[in-house]
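K.L.:
Questions regarding the structure given below will be posed in turn.
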């Protein structure tokens, strides 16, 4: 009997110690534990943070034009969520409201993940890459939160990756004022890290120092933070990077988009 007990215990010990050999990360797709090992992968993660700026999944989201249709500025003739909001027939279950909330927080989540990744994997990045990627994530997080407080006022403030569903349930709405302070801080950090403009074609269109200060000025203006709005605006004006459009009358006309203008604005 003792012999059989010994054999069984030995077998259990072998199986227990062999579990690590069977715990393999997926070999046919990226995995959180094995990804983010070089600048190219981190760059791809940062680019993914831009995903929710304009075009949402399955929705052609033309922010900020659509919100104008919910006010006295315009009115949508076709049946849509925007029309229901304009008529006061909406509730929290309306698809448009859910999408604005859900996709903005997906953007915030990606920014939080990449900010953590950039710090933990800084050794594989050059200083310029570190500054650019970190600056972009701070800019985008501030942008998404600017949208959230503009729509909803007080919102949950999430500044780190959420590991479990249980963690997500712990967040409650933070005051709009506190979230605004974080937004202004993020834009300030982004402006300090980002470049005035990019010379590499693949980077054109990504966040710049001017974009960070311009959006900081706008959200500060919307929330009556006059000193912050003035300061950020002055930085953009004095940078020498931007000019006013030469002929305002052509600003919304196709004839105004000449090759020379497009080249200058790009």
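In the numbering used here, the protein residues as written are 150 to 415.
Glycine included, every Cβ here is placed at the ideal spot set by N, Cα and C.
(1) Return the residue from the list 310, 295, 309 that minimises the CA-CA distance to residue 303.
(2) By DSSP, does residue 323 sit in helix, in strand, or in coil?
(3) On the DSSP letters alone, give me the boundaries of the alpha helix (DSSP H) that residue 250 sits inside.
(4) Helix, strand or coil for residue 305? Go by DSSP, reduced to three states.
(5) Do you know offhand how far residue 225's Cα is from residue 326's?
(6) Please report the distance separating the alpha-carbon of residue 238 from that of residue 335.
(7) For residue 308, count the other beta carbons within 10 Å of its own beta carbon; 16 or more makes it buried, fewer makes it exposed. Which is it?
(8) Classify residue 228 as buried or exposed, calling it buried when 16 or more other Cβ atoms lie within 10 Å of its own Cβ.
(9) Does the beta-carbon of residue 351 have 16 or more other beta-carbons within 10 angstroms, so that it is buried, or is it exposed?
(10) Could you tell me the distance, in whole angstroms, from the CA atom of residue 342 to the CA atom of residue 362?
(11) Please classify residue 355 as buried or exposed, where buried requires at least 16 other C-beta atoms within 10 Å of its C-beta.
(12) Are residue 320 and residue 305 close, meaning C-beta to C-beta below 8 angstroms?
P.N.:
The relevant details are as follows:
(1) 295
(2) strand
(3) 244-269
(4) strand
(5) 33 angstroms
(6) 36 angstroms
(7) exposed
(8) exposed
(9) exposed
(10) 12 angstroms
(11) buried
(12) yes
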